[in-house]
Each structure stands twice: as structure tokens, then as C-alpha cells.
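Student: Numbered according to the working numbering, the sequence shown spans residues 227 to 797. Beta carbons: idealized from backbone N, C-alpha and C, even for Gly. First the structure, which I've put down as C-alpha cells, then a few questions once you've had a look.
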Amino acid sequence: MVAETQPDRLLADTNHQSTKVQTFKIDWMLVAFIGLLVQTFWVWQLEQPSYMDAFYYATNGQRLADGYGFSELVIWQFLDDPVGIPTPSHTYWMPLPSLLAAAGYSLRDDFTGGQLAFWLLAGLLPLLAYTISWRLVGQRWQAWVAAIFTTVAGYYAAFLGQPSTFAPFAWAGGSCLLALGLAASNSSTRELIQPNEGIKPKTKRKHWWLVAGVTAGFAHLTRADGSLLLLVACLIWLIEAWGLWKRRRDQPEHMSLSETSVVLSYKLFSHLALLISGYFLIMGWWFIRNWIVLGRPLSTAGMQSIFLTTYDDLFAYGRVIGLQSFLDWGWSNIIFSRIQGSWLAIQTLVAIPGLIFLVPFILFAFIHLYRRLSSRYLLRPLLFYTLTLFLSAALVFTFPGTRGSLFHSSIALWPWATALAAAGIGLSVDLAADRLSHWQPERAKRIFSGLFILVALILTIFVSQYRISPPEEPEIYREVSQIVPATSVVMAGNAPALHYFTGLPAVSVPNEAVEVMLQAADRYGVTHLLLNENRPRPLDDVYQGKVVHPRLQLIWSSDQAKLYEVGTLPE
């Protein structure tokens, strides 16, 4: 037998690599096609946004596309004390979803146009899960399982394809965590060892720090709590700095300790500079806009939500929400609310990105892979972000966190959770096969993966049918638009939705008694008040007819809502 020569081996390696790249291309095209096809189904289900946030992003996307800039005809919260209508937009929520919606509206002036960018991002999201899975374990079948889980989408399915933070934050947050993992891996003085069929990097590429900064910037431009990713990035950098300085005495013999310190300092601070530069490349213009319009880089409205004593106080008017009012609430209430918030946050993380039944597989895979040096670098940013997100939602921004913020932000964990779930299924089957000699592990892995995907699909269909707006709500708004004059300003529970359907300026109903509500109405020129079954509690008696205020005249009612004309102040 003739021994294989070095050129023969190189040719074989080249052919193998070429085949692998071709396989990747085919897989990516198939994953993208399936993802976009599934998202087409969800987009087709929606005739309008399905919840308040999406109405807000859609209406502001329309205004941006129409050339009105970052101004809005909706006041939905009063924490930043808006002066009047129109008012600067995105002082609480961030602008990227509206910018994406505006791009679609500029191409097609209907809700389908507003969905275009989100349909594309959501449909391609399984590619991110595929990539993460491949980086973690390097097995094609697991990458496919992760991609299909991500496509099914669970609790997120009905939200991804509409103007909202879900799809852009999934990409920005999930990609940032991956970039940080690769940055930490490539920055290490030890070579990153890729498992199985993984692709070994040829160089220690520090550009991943720039990618991490850019994606952290996009995450913050999508959601206010996206800034947590910059915090996580800085923590990863500090760990890198500590590790490198700890090993600084292991310098080559021809280099002095001072020379080694200079080299390491340059390396570390170049990484930090790339990270921060990438972040400000995306966020810098928004800080400048806020400084010009608001007099500060960011609005203070979001920070005030730390001191809420109930979620409904997000809609408080004429009250000072701050540290003193928070402390006046009492330590027993503060502590109990944080305990309750922690429990709700745990439930959210288990149920939403974990889909409940996938949690054991996710944890099993995480623990197993974290023990390996190559995987630990990739998983450490995920661990830090999960803990930071949990603590932020449970202990700091407790009321908004447990009423939806954590649900929205956890989408960044979704492509990672699906990748770990796929790995956990494989590891669990291997563990069982060690004890059951008659098992065929490779066949069992695919069978169990298919069964779990089916369970996820059934769960997705079940939970998503309740996420579509009831047809009664748009009909109420359209009825109101036929009754009130075209110059009206309407106060409503869902002000962005009312504006979306009627085009009328709208103000949220404050969570206050009727006299304070009327003060807000007078300030913002409100002419009509629309109350429905989800009215603020202080206005229960008005809605039920137990209290008749001389300035509120009932002019229309249905089973779901009542419309009042707001009288002028007496002379």
C-alpha cells in the first residue's frame, strides 16, 4: 500500500472543507426559507398590531415615513411631564422598532409594509440559533433542531412579525452575546479549541469586540434595558483584563516585565476602545438628539420606574415618583414586592424562553458544556446576561419588569436556549444509552427531538391564539372616529391604538381620581374621554355610573366602552 503523501492529505482536507462549506450554504438557505415561510403565516394572521407597544411603534413608524421626524401625537405616560401635543417621541421606549417600521412604510403604506422588516428579521432568526449551536457543539443535526425550535417560537410567535422590539432585540442581543463569547475566546492567550466539526479560527481576531459594541448599541437602540448588554460586555472585558494581567509574568525570555505590561495594556485597551467605539457608533446620534431636545442624553422617565409602588403608577399624573415616595411606601412593602418580583421573574424565564419542558435539557447542556474551556468562553456572556437581566427585572425595575419587560428582553436568550435545548436532548440520550444497551442513540436523538418539536408547536398554537387583538377593539375606535369632530383630542386607555385607527391625537387615561384626570385633560386639550373595561380603578365609579361629574357627558356607549364629552372649565 502506498503511503498517503502530504499533498494528498492537503487535497483531502481542502475537499472536506469545501464540502462542509457547501453543506452550510444549503442548510442556511433551507433554514432561511422555512423561517420566512413560517413568519409569512404569522404576518398573514395580523391585520393590525396586537398590543399597545406595537401600536406605538407602528404609528411612529408611519410619522417617520411621512417626514414628521421624532415627534408624536400620542402621550401615553406622564413621567417625563410632556408639555403638549405634538411631543417629542421615544422618551420612554427606544426608536429602532419605529425606524424599521418606517423603512417598510416608505415602501408600502399599509400595515403589511410596517411588518416587512420584522418579518425578515424574525424569519432569519433561526440562522442565529443554527450558528450558535454549531459553535457550541459542531453537530449538524443539533443545529437543525435549534433552528426549528427557534422557528416554532413558542410564546414569541405571535409577536415577532409586527412592529415591536422582539425580532430586532433577538438579533441584537443574541448576536452580542455570541460576539462577546468569540471575542473572549480569541482574546485569550490560549487558543480556542473548537469541538467536533467546529471551525477553528486562524487568527485571534479582535474585531469581535467591535461587533460586540455595535450589536450592544443596536440592542440599546431597541430597548432601554439593552444597555445591560454593554454592562455585560464590560464585565467580560474586565475578566479578560484580570486573566491577562495575572499571566503577565509568563512573558517570553527576551521581554522584560515592563515590556510585557505595555503589550498587554495596548491589547486590553484596544479591545475596550473597539467595544465602546462600536457602541457609540450606533447610539451616539440618539444621545445627541436627546441632548438637543430633552437637555440630557437619555430621558429620566425610565429611571423613575424604579420607584413605582404599583405598575399602574406608570400612568400617574401630577405626582412625584422618586426615592422619597418609594421609601414612604415602607420597607415591608418594598421587600415583599422584590420577593414577589423574583418569583415572577423565575416563572417568566422558565415558561417563556424555557418553554417549561425544555428547561431540564437547557440546564443539563449548560452545566456540561460550561465545564469545557472552549464552550465556557462562549457561554459566560450568556450566563452574565441572564443573571443581570433577572436581577434588573426582579429587584430594580420590578413592576415593569414582571409585567412584560422581562418577557420582551428574554427574546435575546431564545436562540441560545434552543441551541442548549438541542444539545441537552443529545446529551440526555447519550446518558440513557450508556445504561440501556439496546438503545440506538443516534436514531433516538432524532426521534426525541421530533417529539419535542411537536410539543413546542402544539404549545405555540395554543398560547398564540390569545395574542391576537379581538375584533371588537378596532370597531370601537372606528365608531369613536365617526362620532367625534376631526379636531378632537381623545383620552383613552390605549392611546397609541386609538391614534392608529382614528388618526386623532390621543392621551392615556391617567391612573388618578376624576378631578386629577380632568386636570390632565385640560392641560393637553382633551375633548373626549373613552373608558373601557380596562379603565383605571380610580375611575370605576364614573364608568359604572355611580358618580356623575358635571364636566363629563356620556354621548355613546356599548357593552365594552363608554365615550364622554369633556366639558370646558366654568368661567
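Using 9 Å as the threshold, is the C-beta distance between Ser803 and Tyr318 below it?
Tutor: For residue 803 there is no data in the structure shown, the boundaries of the chain being 227 and 797.
Student: Alpha carbon to alpha carbon, what distance is there between Ile260 and Leu677?
Tutor: The residue labelled residue 677 in the question sits at position 451 within the sequence shown. The residue labelled residue 260 in the question sits at position 34 within the sequence shown. Going by the C-alpha atoms only, they are around 19 Å apart.
Student: DSSP three-state call for Leu581: helix, strand or coil?
Tutor: Residue numbering aside, residue 581 sits at position 355 when the sequence shown is read from its first letter. Coil, per DSSP.
Student: Do the segment 492 to 500 and the segment 586 to 594 make contact, defined as three or more Cβ pairs closer than 8 Å?
Tutor: The segment 492 to 500 is not in contact with the segment 586 to 594.
Student: So which of Phe375, Asp336 and Phe304 has the shortest CA-CA distance to Ala682?
Tutor: Position 456 of the sequence shown, counted from the first residue, corresponds to residue 682. Comparing Cα-Cα distances from Ala682 to each of Phe375, Asp336 and Phe304, the minimum goes to Phe375.
Student: Could you tell me which of Gly771, Ile358, Ser734 and Ala746 sits nearest to Pro641, measuring between CA atoms?
Tutor: Here residue 641 refers to the residue found at position 415 when the sequence shown is read from its first residue. The shortest Cα separation from Pro641 among Gly771, Ile358, Ser734 and Ala746 belongs to Ile358.
Student: With DSSP run on the structure shown, which of helix, strand or coil describes Ala542?
Tutor: Looking up residue 542 in the sequence shown gives position 316. Reduced to three states, the DSSP call for Ala542 is coil.
Student: Across the segment 301 to 320 and the segment 338 to 349, are there enough close Cβ pairs to call them in contact, namely three or more that are closer than 8 Å?
Tutor: The answer is no - the segment 338 to 349 does not touch the segment 301 to 320, with fewer than three Cβ pairs under 8 Å.
Student: The beta strand (DSSP E) with Glu216 in it runs from where to where?
Tutor: With the chain covering only 227 through 797, there is no way to say anything about residue 216.
Student: Which residues does DSSP pair with Ser525 in a beta bridge?
Tutor: The residue given as residue 525 occupies position 299 in the sequence shown. Answer by DSSP bridge pairing: none, since Ser525 is not bridged.
Student: Return helix, strand or coil for Lys772, following the three-state DSSP convention.
Tutor: Counting from 1 along the sequence shown, the entry for residue 772 is found at position 546. Residue state, collapsed to three classes: coil.
Student: Between Trp665 and Val655, what straight-line distance do the alpha-carbon atoms span, to the nearest angstrom?
Tutor: As a first step, residue 665 is located in the sequence shown; it is residue number 439 there, counting from the start. As a first step, residue 655 is located in the sequence shown; it is residue number 429 there, counting from the start. Looking at the two C-alpha atoms, the distance is approximately 9 Å.
Student: Can you pull the DSSP bridge partners for Lys788?
Tutor: As a working note, residue 788 is residue 562 in the sequence shown. Note: Lys788 sits in a beta bridge opposite Leu757 and Ser783.
Student: Taking Pro275 and Tyr726 to be in contact with their CB atoms under 8 Å, please state how far apart those CB atoms are, rounded to whole angstroms.
Tutor: Working through the sequence shown from its first residue, we reach residue 275 at position 49. Working through the sequence shown from its first residue, we reach residue 726 at position 500. So it is a contact: roughly 7 Å between Cβ atoms.
Student: By the 10 Å Cβ neighbour count, where 16 or more other Cβ atoms means buried, how is Trp268 classified, buried or exposed?
Tutor: Walking along the sequence shown from the start, residue 268 turns up at place 42. Classification for Trp268: buried.
Student: How about Ala442 and Leu353: are their beta carbons less than 9 Å apart?
Tutor: What you label residue 442 is simply residue 216 of the sequence shown in a count that begins at 1. What you label residue 353 is simply residue 127 of the sequence shown in a count that begins at 1. No, the Cβ-Cβ distance between Ala442 and Leu353 is not below 9 Å.
Student: State the Cα-Cα distance for the pair Pro711 and Leu570, rounded to the nearest angstrom.
Tutor: Against the sequence shown, residue 711 aligns to sequence position 485. Against the sequence shown, residue 570 aligns to sequence position 344. About 44 Å.
Student: Could you spell out the range, first to last residue, of the beta strand (DSSP E) harbouring Met320?
Tutor: The residue you call residue 320 lines up with position 94 of the sequence shown. First-last for Met320: undefined, no H or E at that position.
Student: Would you check if the distance between the CB atom of Met743 and the CB atom of Tyr543 is smaller than 9 Å?
Tutor: Along the sequence shown, one-based indexing puts residue 743 at 517. Along the sequence shown, one-based indexing puts residue 543 at 317. Yes.
Student: What is the rounded straight-line gap between the Cα of Leu470 and the Cα of Leu455?
Tutor: Here residue 470 refers to the residue found at position 244 when the sequence shown is read from its first residue. Here residue 455 refers to the residue found at position 229 when the sequence shown is read from its first residue. The straight-line gap from Cα to Cα measures roughly 22 Å.
Student: Between Val735 and Pro762, which are expected to be in contact by the criterion C-beta below 8 Å, what is the C-beta distance as a whole number of angstroms?
Tutor: Translated into positions along the sequence shown, residue 735 becomes position 509. Translated into positions along the sequence shown, residue 762 becomes position 536. With a Cβ gap of about 6 Å, Val735 and Pro762 count as contacting.
Student: For the alpha helix (DSSP H) that contains Ser635, what are its first and last residues?
Tutor: Along the sequence shown, read from residue 1 onward, the residue named residue 635 stands at position 409. Its alpha helix (DSSP H) spans residues Leu632 to Ser635.
Student: Could you check which residue in Ser600, Gly729, Leu608 and Ala379 has the C-alpha nearest to that of Ser690?
Tutor: Counted from its first residue, the sequence shown places residue 690 at position 464. Checked all of Ser600, Gly729, Leu608 and Ala379; the closest Cα to Ser690 is Ala379.
Student: Could you work out which residue in Asn516, Ala619, Cys460 and Ile781 is closest to Gln708 when comparing CA atoms only?
Tutor: Counting from 1 along the sequence shown, the entry for residue 708 is found at position 482. The shortest C-alpha separation from Gln708 is found at Ile781.
Student: From this set, Pro312, Gly295 and Leu350, which residue's C-alpha is nearest Val264's C-alpha?
Tutor: Counting from one through the sequence shown, the residue named residue 264 turns up at place 38. Of the listed residues, the one whose Cα sits closest to Val264 is Leu350.
Student: Tell whether a beta-carbon distance below 9 Å holds between Phe552 and Ile560.
Tutor: One-based indexing of the sequence shown puts residue 552 at position 326. One-based indexing of the sequence shown puts residue 560 at position 334. Yes, they are a contact pair.
Student: Given a threshold of 16 other Cβ atoms within 10 Å of its Cβ, counted over all protein chains shown, does Ser783 qualify as buried or as exposed?
Tutor: Sequence index remark: in the sequence shown, residue 783 carries index 557 (1-based). Ser783 comes out exposed.
Student: Using a 10 Å radius around the Cβ and a threshold of 16 neighbouring Cβ atoms, would you call Leu778 buried or exposed?
Tutor: Here the question's residue 778 lines up with position 552 in the sequence shown. It counts as buried.
Student: How far does the beta strand (DSSP E) with Val716 in it extend, from its first residue to its last?
Tutor: Within the sequence shown, residue 716 is the residue found at index 490, counting from 1. Val716 to Ala718 is the span of the beta strand (DSSP E), which, as asked, contains Val716.
Student: Output yes or no for whether 9 Å exceeds the beta carbon distance between Leu447 and Ala398.
Tutor: On the sequence shown, position 221 is the one that residue 447 refers to. On the sequence shown, position 172 is the one that residue 398 refers to. Closer than 9 Å, so yes.
Student: Measuring CB to CB, does Val740 end up less than 9 Å from Leu765?
Tutor: One-based indexing of the sequence shown puts residue 740 at position 514. One-based indexing of the sequence shown puts residue 765 at position 539. Against a cut-off of 9 Å, the Cβ pair of Leu765 and Val740 comes out as a contact.
Student: Count the other CB atoms, across all protein chains shown, that sit within 10 Å of the CB of Phe395; report buried if there are 16 or more and exposed otherwise.
Tutor: Within the sequence shown, the letter at position 169 stands for residue 395. It counts as buried.
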